[in-house]
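Colleague: Chains as they are written, first to last, in this note's numbering: chain A, 262 to 516; chain B, 132 to 544.
Once you've had a glance at the structure underneath, I'll fire off some questions.
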């Protein structure tokens, strides 16, 4: 099935291009939206956590929040596109064959492009705060890779789930909000103690987002939780892909 | 013969009737079952077989027409060949790149321009970018919408949409071509262009599976016909014989029977008989063909009989009626048959279809007509082109000796 992906790489390219072109055509701001939302959120939460309830995160809070929100935004928007990627391409799914994974995967790729664009204002912010960077930055591609693997795995499962049960789309919106507050996006969840804290420790997204902060903002090597997240992500992707592949012939019948 | 490009072996396909009432509570167990569980072959009450034990092969150079009533399983079969559905049991194998002409334009995105859609659609159909770029001009020229190629597809008419869609599919150069009723798109000129393109592919040896209700088109394009009903193959063989078989089965009759009730006279059973006076669908060229028309007269009537012969691509080859032949059958009452014999059938090899009619005493108004209802085909080694085999003789006379003689005579003076 991986060989097949390679054979159909042109479709993946064209589908991703299609979604990007469409966004650019239909909206005035185009990629601007990918930057604006995290910026606005950063501003809002910066006011809350520096003026209302002071939170010490060991670095300027806007930097902490913007980095977390960027990574989270990539995750959430990739999944939001993935959920409906099969159901909104009904005609293609029920009329023409090509590997169905292409839909959720291209949704993830579109989000990767947005993410890359949004890294520019982060770089500007890092310059402003004079953040030193060094060798750990070389690990950034590895962090992104783990992140993409994890996102793709969840995306495949959600796309498949929503095709069979349309409730998944609504459930997703609820779950993704809760998940954000269970991840070190706006505050370090490690400070949550007790049983809830232990539960939150199992969340691979925390490991991934903290790894971004390590290599980008702290000039430090990522903690071993990234390795654990990588392992979990790879395993999950294998399972998700296998399940997706096994049921893809049922897709056309269930649309 | 080359090994078959399409192999279908004992294929069964199960579908479910009615609405699904699954709730979210069933989500996880059913996903797990679907992904990891065995596929069961037994039938639950709400399930039915769309295809039962279907087996056939298609070899290079063959164009297989699949005909049958609605719900016979034709489209299910095509979807399985194009890998959208998977059989419940059995095996399908296709060699090489499969091209589908299945509602080709449906996948266009309205907000993208024609050009962008060509690249997207081409990729979806399995073309590489370089290949699309190379064929791009041909595709656009074939579609005939050059001036609108940079206009968003949402501004296209449905005809333009279909033309562009078909043009992309037509330039795919597939190893196996699947066609589902697409010849109904576009105007007559464009349809002819499509038929010509399919012919080209067939002539080149590309195996084709063509699902259609358009019997003349099937006769025109296919080298073999399969009649399918209730998910099983009723007939597989020579096109004219297949179409004849399809006509014989009750479903085709039903529709026609309704309107024929209170007529004075109506056409009964029509048979095409060969030299042995047996029902046949294939005739050797220059052999005897007899059209036997049964009639049923409720009241005593005077009438004439007419037979028209069309070639599969619609050329009107012959129109014969008993009034023009000054043949009078007298007053008909009750049942009977009229035979029209062609002692030496002068048609060239190919598929033909016969219309039969009973006309009034003046030979003008039709009392009962069956348009293009009885197909047959002619087989022979003839290499002529056209529709008719003309008796002929060649003779040669050279003026060279005369001219030589004249110049020799001139030299003498």
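Beta carbons are placed, not taken as given, at the ideal position from N, Cα and C, and that holds for glycine.
A quick note: this is a predicted structure, and the numbers were derived from the prediction, not measured.
Would you mind telling me which residues of chain B sit closer than 8 Å to residue 282 of chain A, beta carbon to beta carbon, in chain order?
Modeller: Against the first chain, residue 282 of chain A aligns to sequence position 21. Neighbours of residue 282 of chain A on chain B, chain order: 243 and 247.
Colleague: Check the Cβ of residue 216 of chain B against every Cβ in chain A and list those closer than 8 Å, keeping chain order.
Modeller: On the second chain, residue 216 of chain B is found 85 positions in, with the first residue counted as 1. Ordered by position in chain A, the residues that pass the 8 Å Cβ test against residue 216 of chain B are 510, 513 and 514.
Colleague: For the alpha helix (DSSP H) containing residue 275 of chain A, name the first residue and the last one.
Modeller: Along the first chain, one-based indexing puts residue 275 of chain A at 14. Where residue 275 of chain A is concerned, the enclosing alpha helix (DSSP H) stretches over 270 to 287.
Colleague: Measuring CA to CA, which of A/286, A/476 and A/315 is closest to residue 402 of chain A?
Modeller: On the first chain, position 141 is the one that residue 402 of chain A refers to. The candidate whose alpha carbon is nearest that of residue 402 of chain A is A/476.
Colleague: Roughly how many angstroms lie between the CA atoms of residue 387 of chain A and residue 324 of chain A, to the nearest whole one?
Modeller: In the first chain, counting from the first residue as 1, residue 387 of chain A sits at position 126. In the first chain, counting from the first residue as 1, residue 324 of chain A sits at position 63. Rounded to the nearest angstrom, the two C-alpha atoms are 7 Å apart.
Colleague: Give the DSSP-derived three-state secondary structure of residue 470 of chain B in the structure shown.
Modeller: Within the second chain, the letter at position 339 stands for residue 470 of chain B. DSSP places residue 470 of chain B in strand when its eight states are reduced to three.
Colleague: Please confirm whether residue 428 of chain B has its beta-carbon closer than 8 Å to some beta-carbon of chain A.
Modeller: By 1-based counting over the second chain, the position of residue 428 of chain B is 297. Chain A contact via Cβ: absent.
Colleague: Could you name each continuous alpha helix (DSSP H) segment of 4 residues or more that falls completely within the stretch 202 to 230 of chain B, going from the start of the chain to the end?
Modeller: Taking only runs of at least 4 residues, the alpha helix (DSSP H) segments lying wholly in the stretch 202 to 230 of chain B are 205 to 212.
Colleague: Please list the terminal residues of the continuous beta strand (DSSP E) segment that includes residue 441 of chain B.
Modeller: Stepping through the second chain from its first residue, residue 441 of chain B is reached at position 310. Counting along the chain, the beta strand (DSSP E) containing residue 441 of chain B begins and ends at 435 to 442.
Colleague: With respect to the beta strand (DSSP E) encompassing residue 355 of chain A, which residues constitute its N-terminal and C-terminal limits?
Modeller: To locate residue 355 of chain A, count along the first chain from 1; it is residue 94. Note, residue 355 of chain A: premise wrong, no beta strand (DSSP E); alpha helix (DSSP H) at 351 to 356.
Colleague: Nearest CA to the CA of residue 439 of chain A: which residue from A/389, A/390, A/318 and A/466?
Modeller: As a working mapping, residue 439 of chain A is identified with position 178 in the first chain. Cα-wise, what sits closest to residue 439 of chain A is A/466.
Colleague: Chain A partners of residue 250 of chain B, CB-CB under 7 Å?
Modeller: What you label residue 250 of chain B is simply residue 119 of the second chain in a count that begins at 1. Residues of chain A passing the Cβ test: 275.
Colleague: In terms of alpha-carbon separation, which member of B/424, B/523 and B/447 lies closest to residue 499 of chain B?
Modeller: As a first step, residue 499 of chain B must be located in the second chain, where it is residue number 368. Among B/424, B/523 and B/447, the Cα nearest to that of residue 499 of chain B belongs to B/424.
Colleague: Could you check if residue 334 of chain A is buried or exposed, using at least 16 other CB atoms within 10 Å of its CB as the buried criterion?
Modeller: On the first chain, position 73 is the one that residue 334 of chain A refers to. Buried, by the Cβ-count rule.
Colleague: Let's see if you can read the secondary structure: which residues bound the alpha helix (DSSP H) around residue 390 of chain A?
Modeller: Along the first chain, one-based indexing puts residue 390 of chain A at 129. Premise fails: residue 390 of chain A is in no alpha helix (DSSP H) and is neither H nor E.
Colleague: Using a Cβ cut-off of 8 Å (strictly closer), state whether residue 353 of chain A contacts chain B.
Modeller: Here the question's residue 353 of chain A lines up with position 92 in the first chain. Yes, its Cβ sits closer than 8 Å to a Cβ of chain B.
Colleague: To the nearest angstrom, how far is the alpha carbon of residue 294 of chain A from that of residue 289 of chain B?
Modeller: Position 33 of the first chain, counted from the start, is the residue given in the question as residue 294 of chain A. Position 158 of the second chain, counted from the start, is the residue given in the question as residue 289 of chain B. Straight-line Cα distance between these residues: approximately 34 Å.
Colleague: Of all Cβ atoms in chain A, is any one closer than 8 Å to the Cβ of residue 152 of chain B?
Modeller: Mapped onto the second chain, residue 152 of chain B falls at position 21. Because residue 152 of chain B sits at a pLDDT of 49, beneath the cut-off of 50, its placement in the model cannot be relied upon, and the point is left open.
Colleague: With a threshold of 7 Å on Cβ separation, who are the neighbours of residue 269 of chain B within its own chain once the five nearest residues in sequence on each side are excluded?
Modeller: Sequence index remark: in the second chain, residue 269 of chain B carries index 138 (1-based). 302.
Colleague: Is it right to say residue 320 of chain B is buried, meaning 16 or more other beta carbons lie within 10 angstroms of its own, or is it exposed?
Modeller: Start at 1 with the first residue of the second chain, and residue 320 of chain B comes out as number 189. With fewer than 16 other Cβ atoms within 10 Å, it is exposed.
Colleague: In whole angstroms, what separates the C-alpha of residue 243 of chain B from that of residue 356 of chain A?
Modeller: For the purposes of this step, residue 243 of chain B is identified with residue 112 of the second chain, where counting begins at 1. For the purposes of this step, residue 356 of chain A is identified with residue 95 of the first chain, where counting begins at 1. Computed Cα separation, rounded: 20 Å.
Colleague: Is the Cβ-Cβ distance between residue 508 of chain B and residue 412 of chain B less than 8 Å?
Modeller: To locate residue 508 of chain B, count along the second chain from 1; it is residue 377. To locate residue 412 of chain B, count along the second chain from 1; it is residue 281. Contact flag set, yes.
Colleague: Spell out the partners DSSP gives residue 410 of chain B in its beta bridges.
Modeller: Walking along the second chain from the start, residue 410 of chain B turns up at place 279. According to DSSP, residue 410 of chain B bridges with B/404.
Colleague: Within its chain, find whatever has a CB closer than 7 Å to the CB of residue 383 of chain B; leave out the 5 residues flanking it on each side and keep chain order.
Modeller: In the second chain, the residue the question calls residue 383 of chain B occupies position 252. Bear in mind that the predicted position of residue 383 of chain B carries a pLDDT of just 47, short of 50, making it unreliable; the figure below should be weighed with that in mind. The residues are 377.
Colleague: At the level of alpha carbons, what is the spacing between residue 146 of chain B and residue 218 of chain B?
Modeller: Position 15 of the second chain, counting from 1, holds the residue named residue 146 of chain B. Position 87 of the second chain, counting from 1, holds the residue named residue 218 of chain B. Rounded to whole angstroms, residue 146 of chain B to residue 218 of chain B spans 10 Å at the Cα level.
Colleague: Check the Cβ of residue 358 of chain A against every Cβ in chain B and list those closer than 7 Å, keeping chain order.
Modeller: Working through the first chain from its first residue, we reach residue 358 of chain A at position 97. Here the neighbours are 213, 214 and 215.
Colleague: At what residues does the alpha helix (DSSP H) containing residue 412 of chain A begin and finish?
Modeller: Reading the first chain from its first residue, position 151 is the one you call residue 412 of chain A. Note, residue 412 of chain A: alpha helix (DSSP H), 401 to 425.
Colleague: Out of curiosity, what's the CA-to-CA distance linking residue 288 of chain A and residue 282 of chain A?
Modeller: Position 27 of the first chain, counting from 1, holds the residue named residue 288 of chain A. Position 21 of the first chain, counting from 1, holds the residue named residue 282 of chain A. Their backbone Cα atoms lie some 10 Å apart in a straight line.
Colleague: At which residues does the beta strand (DSSP E) containing residue 468 of chain A begin and terminate?
Modeller: By 1-based counting over the first chain, the position of residue 468 of chain A is 207. Taken as a continuous stretch (DSSP letters only), residue 468 of chain A belongs to no beta strand (DSSP E), being part of the alpha helix (DSSP H) at 465 to 474.
Colleague: Let me check understanding here. Comparing Cα to Cα, which of B/357, B/260 and B/472 lies closest to residue 407 of chain B?
Modeller: For the purposes of this step, residue 407 of chain B is identified with residue 276 of the second chain, where counting begins at 1. For the residues B/357, B/260 and B/472, the minimum Cα distance to residue 407 of chain B belongs to B/472.
Colleague: For residue 441 of chain B versus residue 434 of chain B, is the C-beta spacing smaller than 8 Å?
Modeller: Translated into positions along the second chain, residue 441 of chain B becomes position 310. Translated into positions along the second chain, residue 434 of chain B becomes position 303. Not a contact, by the Cβ cut-off of 8 Å.
Colleague: Just to confirm, are residue 300 of chain B and residue 258 of chain B a CB contact at a threshold of 8 Å?
Modeller: To locate residue 300 of chain B, count along the second chain from 1; it is residue 169. To locate residue 258 of chain B, count along the second chain from 1; it is residue 127. Not a contact, by the Cβ cut-off of 8 Å.
Colleague: If you drop the 5 nearest sequence neighbours on each side, which residues of the same chain put their C-beta closer than 6 Å to that of residue 362 of chain B?
Modeller: In the second chain, residue 362 of chain B corresponds to position 231, counting from 1. Hits under 6 Å: 180, 181, 182, 183 and 204.
Colleague: Would you call the CB atoms of residue 504 of chain A and residue 354 of chain A closer than 8 Å?
Modeller: Counting from one through the first chain, the residue named residue 504 of chain A turns up at place 243. Counting from one through the first chain, the residue named residue 354 of chain A turns up at place 93. Not in contact: residue 504 of chain A and residue 354 of chain A (Cβ atoms no closer than 8 Å).
Colleague: From the DSSP secondary-structure annotation, give me the bridge partner or partners of residue 357 of chain B.
Modeller: Position 226 of the second chain, counting from 1, holds the residue named residue 357 of chain B. Paired residues: B/197 and B/367.
Colleague: If distances are taken between C-alpha atoms only, which option among A/310, A/489, A/331 and A/272 comes closest to residue 372 of chain A?
Modeller: Counting from one through the first chain, the residue named residue 372 of chain A turns up at place 111. Cα-wise, what sits closest to residue 372 of chain A is A/331.
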